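Q: Below you will find the structure I want to go over with you.
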Amino acid sequence: MGSILNQVAAVTSINLRSIMQRRWLSLSTVIAIALVVMVLLAFLAMANGFQKTIAGSGADDIAMVLRGGSQAEINSTVSRDQVRLIEDGPGIARGADGKPLISSELYLVVDGLKRTTRTKANLPLRGIGEQGAALRKNVTITSGRMFNRGSNEIVVGKALQREFEGFEIGNTAAFGATRWTVVGVFEAGGSVFESEIWADLPVVQSLFKRNNYFQTVRARLTSAAALNELKAYNDNDPRLKLDVKSENTYFAEQASQTSDLIQKLGWPLAIAMAFGALAGALNTMYSSVAARATEIATLRAIGFGGFPAFVGTLAESLLLAAIGGLLGAAGTWLIFDGISASTLGANFTQVVFDFKLSPLLIVEGVGLALVVGLIGGLFPALRAARLPIVTGLYAS
Amino acid sequence: MNDFSLIRKNLFRRKLRAVLMIVSILVAFMIFGVLAGFYRAFTAGEDRAAADRMITVNKINFTQPMPIAYFNRVGTVDGVRQVTYANWFGGYYQDPKNIVMTFAVEPTTYFDVYRNEFDLPADQLQAFIRTRTGAVVGEKVANKWGWKVGDRVPLSSNIFTQKSTSGHTWDFTIVGIFKGKADHVDTNLVLFQWPYFDETRTFGKDTIGWLILQTTAPENNDKVAKAIDAMFANSTAETQTDTEKAFSKAFASQFGNIALIVSLVVGAAFVTILMIVGNTMALSIRERTREIGVLKTLGFSGPRILRMVLGESVLLALLGGLPGLALAALITVTLRNSLANVAPAFAVSPDIVLQGVALMILLGLVTGLIPAVNAMRLKIAAALGRG
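If you read the sequences in order, they're chains A and B.
Numbers 11 to 406, taken from the working numbering, label the letters of the first sequence in order.
Numbers 16 to 402, taken from the working numbering, label the letters of the second sequence in order.
So, in structure tokens, the structure goes:
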């Protein structure tokens, strides 16, 4: 047993040291595999970043109330009567003054200009109630101040300010005939709210001629479990019949559509490219076996078995693939990780997000590389193991 | 034996190697075909836009409404041949997931403005004008749900509420089915009467989504746009008028830089095969050094050897590339229906094939160039002496 292991170790080390003799061919395989991994990881990092931004926006103990079947805030409408009924609903936390902690909101789309492409983009302008900012996690004004209630002032999310033009503090933003002053910039823990513009609800209602018009209601629940009480209350009142869900659920649904789509594009593309790289890997490994035919036959003639030749060739292929995979992951990390992008989300407005590579994704990428290396090495390794000694010795 | 059969024999002397290279080239061209087809279909709106058609939207954003009164006022602007309007309905059939693109429109003018795109039989158009609760459906929608003229179909809205029932569903009678006048025209939509819609909804009365107008000639576009936007300046609903092409382009760009993503992926695929094939070609020519020496001894000139090696690499690129494009065409046909909303008329068009073939020849020449030049310059004595 020991001798087999020794043989395997010896042949493997000969194999690996001979890679330099085929450096160009080996290098092309490594780079081909690296590119495949980069394409895969770029897509996965995009999907992951988008998912993190949206899915990280919701909380379990915030209830969201939308019109039945509306699916997104932009489509929803809730009447003033319905808002009042919800205020009286069960399971809703109350502040020190006894008022329910809710924010009825208006979600409008306005035009902005994207910095990088100088093209028009749909931006969300959200009219929020008194509790609006407090109902969201980690909202802090990083510069300037919060808008004054009753005035046409806006605060903008950090991501929105970075991606789109004209939202510096002190600027006037014109949405149609209405004029607004930018008075502050806020952070919201990297969530989708950082891609929004916030203003006082009554001001938005009156300047956009939407008096008595609401789109969604957010409410702080006494606990995550209290959601069911509120749901039952809603279902039993024919005047409501709205969709009540936790904010977390709402955002999870929103994130899945787009990030699924990105992943569904990324995997088939990467797998198709992997077939191309596999052809390259097979080619390289067959050439390696052919180049070492004499050497393998000599080893066999002096008593080495076929198995060490098999392992040696496979090890060479896996090593090349692993280097390619890691190179690809490093390349993705250097080029794509953290870059900011924006796309249209489910609410028909721009969602700003960063590409985010994660250890799990790197494992997926390197895993794909190793699969290519395994298949690319297997058949050439079998040939090496079965090479008839005489043919090998007369090769070249 | 002519040069071509020599090229062919050379290429396939190591069958496995040739097959592997063909596979990797095939994959690259398959990716190229599919992505180029997708990109074309995705941006089709801007390419196919009629030059004399313009869109007027609310200046705040195209999702904001404007008064119906704008319809008549825009009609009087000098240089406007015809104007119509539409309102997004947010339609779905039975389940909110079954989205049906539905617009409330003015029947007569709508089918006049889109007369070069949609084909609705004259009697069905008359029925659409006469029937308040009538709807006309595009051929694609009709086929998808198996709807026929005369069917009563309930369509729900994820935005609006029906006044009389307080529900979200409107009942329509299908009075016509329209076809596209060309392959690229997307008929994945349903149209019904705006007056009926406006009377039966609970909010948003007397407003429309956008105006679509046709100018008397494309040269008048700028003048017309300025006149319209000036007419509504400083009102509560200011407007923005653009050509249909500019509007589609701006909308497509909202999804992100699709062009950049497509070219990066195609670029990565090509760099991959360029290296694999280039290296393998170099290797296979090096293995044949002696033979090339023999050919030269037999009187084959340097340029003739060069042509033969280049011919071999171009042949290889074509053998991989052409089936790759064919496979891409097959994939686009299979995926066409599921991508109908994002990229209608998803296909490998003739110009993509042409670009593809040009790329194949280029790839063949680039991968074969260095080995070919080396082979051409090879000295007979050196070649025969080697190995």
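Beta carbons are placed, not taken as given, at the ideal position from N, Cα and C, and that holds for glycine.
Note that the structure is a prediction, hence the values are computed from the model and not measured.
#1: Since S179 of chain B meets chain A, which of its residues come closer than 7 Å, beta carbon to beta carbon?
#2: Taking only runs that begin and end inside the region 236-273 of chain B, name each unbroken beta strand (DSSP E) of 3 or more residues, in chain order.
#3: Looking at the C-beta of T295 of chain B, does it have a partner C-beta in chain A at a distance below 9 Å?
#4: Among all the DSSP beta bridges, which residues are the ones paired with K255 of chain A?
#5: Does the region 305-313 of chain A come into contact with the region 64-74 of chain B, if we say contact requires no fewer than three beta-carbon pairs (one atom in each stretch) closer than 8 Å?
#6: Using a Cβ cut-off of 7 Å, pull out every chain A residue sitting near A43 of chain B, in sequence order please.
#7: Looking at the unbroken beta strand (DSSP E) that takes in G90 of chain B, where does it start and where does it end?
#8: Which residues of chain E have a Cβ atom closer than 9 Å to the Cβ of G68 of chain A, listed in chain order?
#9: Please identify the residue among B:R322, B:G317, B:G371 and B:S353 whose C-alpha is closest to the C-alpha of L333 of chain B.
#10: Taking C-beta to C-beta, are F224 of chain A and Q79 of chain B nearer than 9 Å?
#11: Residues in its own chain within less than 7 Å of L380 of chain A by CB, not counting five upstream and five downstream?
#12: Report buried or exposed for V49 of chain B, applying the criterion of at least 16 other Cβ atoms within 10 angstroms of its Cβ.
#13: Specify, as a first and last residue, the run of the beta strand (DSSP E) that E163 of chain A falls within.
#14: At what residue ranges does the region 221-287 of chain A contain a whole run of the alpha helix (DSSP H), taking only runs of 4 or more?
#15: Would N181 of chain A pass as an interface residue toward chain B - the criterion being a Cβ-Cβ separation below 9 Å?
#16: I'd like to know if V46 of chain A contacts chain B, where contact means its C-beta is closer than 9 Å to some C-beta of that chain.
#17: Pull the bridge partners of A198 of chain A from the DSSP assignment, please.
#18: I need the DSSP call for E115 of chain A, collapsed to helix, strand or coil.
#19: Tell me whether A44 of chain A sits in a helix, a strand or coil according to DSSP, three-state version.
#20: How about N158 of chain B and I300 of chain B: do their beta carbons lie closer than 9 Å?
#21: Any C-beta of chain A within less than 7 Å: which residues of the region 41-75 of chain B qualify?
#22: In chain B, which residues lie less than 7 Å from W34 of chain A when you measure between Cβ atoms?
#23: Can you tell me whether Q177 of chain B is helix, strand or coil according to DSSP?
#24: Exposed or buried, K109 of chain A, counting other C-beta atoms within 10 Å across all chains shown (16 or more means buried)?
#25: Does DSSP put S368 of chain A in a helix, a strand or coil?
#26: Could you check whether the Cβ of D347 of chain A sits closer than 9 Å to any Cβ belonging to chain B?
#27: For a contact meaning CB atoms closer than 8 Å, what does L384 of chain B contact in chain A?
#28: Which residues in chain A sit within 7 Å of I288 of chain B, going by Cβ to Cβ distance?
#29: Can the beta-carbon of N244 of chain A be found less than 9 Å from the beta-carbon of I96 of chain A?
#30: So G186 of chain A packs on A360 of chain B, CB below 8 Å; how close in whole Å?
#31: With 7 Å as the limit, tell me which residues of the region 124-158 of chain A have their beta carbon closer than that to any beta carbon of chain B; keep them in chain order.
#32: My assumption, with CB atoms under 8 Å, is that I207 of chain A sits in contact with V193 of chain A. Please give the rounded CB distance.
#33: Which residue wins for smallest C-alpha separation from L324 of chain A, given the options A:N16, A:V21, A:S13 and A:I14?
#34: Can you give me the C-alpha to C-alpha distance between L133 of chain A and T182 of chain A, rounded to a whole angstrom?
#35: Helix, strand or coil: which one does DSSP assign to W209 of chain B?
#36: Just verifying my parser: in three-state terms, what is the DSSP assignment at N102 of chain B?
A: Looking at the coordinates:
#1: Within 7 Å Cβ-Cβ: nothing; S179 of chain B doesn't reach chain A, min ~16 Å.
#2: Taking 3 residues as the shortest admissible run, the region 236-273 of chain B contains the following complete beta strand (DSSP E) segments, listed from N- to C-terminal end: 254-258.
#3: yes
#4: A:M74
#5: Judged by pairs of C-beta atoms under 8 Å, the region 305-313 of chain A does not touch the region 64-74 of chain B, as fewer than three such pairs exist.
#6: G286
#7: No beta strand (DSSP E) holds G90 of chain B; the alpha helix (DSSP H) holding it covers A84 to G90.
#8: This model lacks chain E altogether; the protein chains it does include are A and B.
#9: B:G371
#10: No; because the gap between Cβ atoms is not below 9 Å, this pair is not in contact.
#11: L328, A331, A332 and G335
#12: buried
#13: E163 to G167
#14: 237-246
#15: Interface residue (Cβ-Cβ distance to chain B less than 9 Å): N181 of chain A is not classified as such.
#16: yes
#17: A:V149
#18: strand
#19: helix
#20: No. Outside cutoff.
#21: V42, A43, M45, I46, N73, K74 and I75
#22: Under the 7 Å cutoff, chain B gives N294.
#23: strand
#24: exposed
#25: coil
#26: no
#27: Correct list: empty, because the minimum Cβ distance to chain A is about 16 Å.
#28: Think of a sphere of 7 Å around the beta carbon of I288 of chain B: the chain A residues whose beta carbon falls inside it are G286, in chain order.
#29: Going by C-beta atoms, N244 of chain A is nearer than 9 Å to I96 of chain A.
#30: With 8 Å as the limit, G186 of chain A and A360 of chain B do not qualify as a contact, their Cβ atoms being about 35 Å apart.
#31: T127, T129, K130, A131 and N132
#32: With a Cβ gap of about 12 Å, I207 of chain A and V193 of chain A do not count as contacting.
#33: A:V21
#34: 16 Å
#35: In this structure, W209 of chain B counts as helix in the three-state DSSP scheme.
#36: Strand at N102 of chain B.
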